[in-house]
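Numbering-wise (full-length UniProt numbering), the sequence shown opens with residue 493 and increments by one. Heads up, the beta-carbon is just placed ideally off N, CA and C, and yes, glycines get one too.
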Amino acid sequence: YAAKRRTAGAQVYDPAVDTASALNLSLLSELRRAVDNHELRLYLQPKIAIQTGSVCGAEALVRWQHPTRGLVPPMQFIPFAEQTGFIRQLTLWMFEQAAAQQVALAVLGVRRVSVNLSTRDLLDLELPEKLDAILRRHRALADGFCLEITESAIMDDPQRAESTLNRLAERGYKLSIDDFGTGYSSLAYLKKLPVNELKIDKSFVMAMEKDAGDAKIVRSTIDLAHNLGLTVVAEGVENAAVLALLHELQCDEGQGYHMSKPLPIDDFCDWVARWQARPPAAPGLATELR
Ligand code: C2E
Ligand code: MG
Ligand code: MG
Ligand code: MG
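Written out as structure tokens, the structure is:
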């Protein structure tokens, strides 16, 4: 097509738009196929109890092993999956994979797996029943899961989110606010919601040993969480200096490349076995944490 004017003259035909929607259509059908063809992968990243050094949990992070594009990171398809509603299916798939590993992980001392929820999941009134059905199938326990929700997912429809979160909490799921500090969160909601954990966004943590402003934000968030009786986790721990600072600030848990990247399940289990066999002496102070 040559560019052509539409009726009112305001819209100009833009071939890029058609190309984009055609690409999106094919992406959606590829995503649907990805589930059937077992192209999605569960990756796990350890969460460490900073004061003792032990592995206390793991975050489940999706990857797409695409037949021609290689390993596709979530940021390249999660936003799209959210737009199209496919995310609901993806969330249940991730939850199911994690539920299937619960016993094997518990044996290694990994007592809780965190699974990310999206806005769409929170709007699904049947989410708690759907998760329960998966638990039953795998004889897994709700208490072995933490569900991570971003502030913006909550603020999208706070009343509905509150009701979903209450029903999840009643069933024993732990709840975490992910990427804390990046959304426009309302402390009033934070106080009211049945949340157990705050996860400080990695943008504040990654360079906190060099940036005094970041360090202050991390410190105040740790204090805020503790004053509210919540566990606080720092994501994006990339070096020993940051881990030492978090130890000093009494942060409860840490997650980041300094300990381990997200790993496929077998590599993750090997990593945990090695780590638990030789836990670092004084975690916050350890300079070489492998
Ligand atoms: P998130 O939930 O905040 O997950 C943490 C992200 O930080 C992960 O990126 C993880 O690999 C990365 N990360 C961990 N430690 C470090 C570190 O030390 N340095 C740096 N630079 N990054 C670190 P990933 O796996 O690429 O996932 C990105 C985002 O995609 C996640 O952010 C989450 O919002 C979304 N996502 C991933 N998997 C799922 C899923 O199964 N469901 C949903 N709804 N969202 C998911
Ligand atoms: Mg998360
Ligand atoms: Mg996060
Ligand atoms: Mg994040």
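Using a C-beta cut-off of 8 Å, the region 647-658 makes no contact with the region 688-696, since fewer than three inter-stretch Cβ pairs fall below that distance.
Contact between Val724 and Val697 is absent: CB atoms are separated by about 11 Å, not below the 8 Å threshold. Judged by their CB atoms, Arg604 and Phe637 are nearer to each other than the 8 Å cut-off.
Of all alpha-carbon atoms in Leu519, Tyr749, Ser610, the one lying nearest the alpha-carbon of Ser668 is that of Ser610.
Sequence-distant partners of Pro538 (beyond 5 residues in either direction) whose C-beta falls short of 8 Å from its own C-beta, in its chain, are Val547, Gly549, Ala550, Val602, Gln747, Met751, Ser752, Phe760, Trp763, Val764, Trp767. Near ligand 2, residues with a Cβ at less than 5 Å from any of the ligand's heavy atoms are Asn608, Glu640, Asp670; the list follows chain order. Counting only runs of 3+ residues, the beta strand (DSSP E) found wholly inside the region 655-713 occupies 666-672, 689-692, in chain order.
Taking 8 Å as the cut-off, the beta carbon of Gln575 is found no closer than this to the beta carbon of Leu534.
In this structure, the alpha-carbon of Arg580 lies about 13 Å from that of Phe569.
Taking the C-beta atoms as reference points, Met586 is found no nearer than 8 Å to Val564.
Taking all protein chains in view, the Cβ of Met700 is crowded by 16 or more other Cβ atoms within 10 Å, so the residue is classified as buried.
Between the alpha carbons of Asp528 and Asp635 lies a distance of about 29 Å.
Looking at the backbone, the Cα of Gly728 and that of Ser695 are separated by about 8 Å. For Lys539, no alpha helix (DSSP H) segment is defined; the enclosing uninterrupted segment is the beta strand (DSSP E) at 532-541. Per the C-alpha coordinates, the member of Glu618, Ala573, Ala632, Met567 positioned closest to Ala596 is Ala632. A direct Cα-Cα distance of roughly 27 Å separates Cys743 from Ile757. The residues Phe587, Glu588, Ala591, in chain order, have a CB closer than 6 Å to that of Ile626 in the same chain once the five nearest residues on each side in sequence are set aside. The shortest C-alpha to C-alpha distance from Asp670 to any of Gln651, His558, Leu682 is the one to Leu682.
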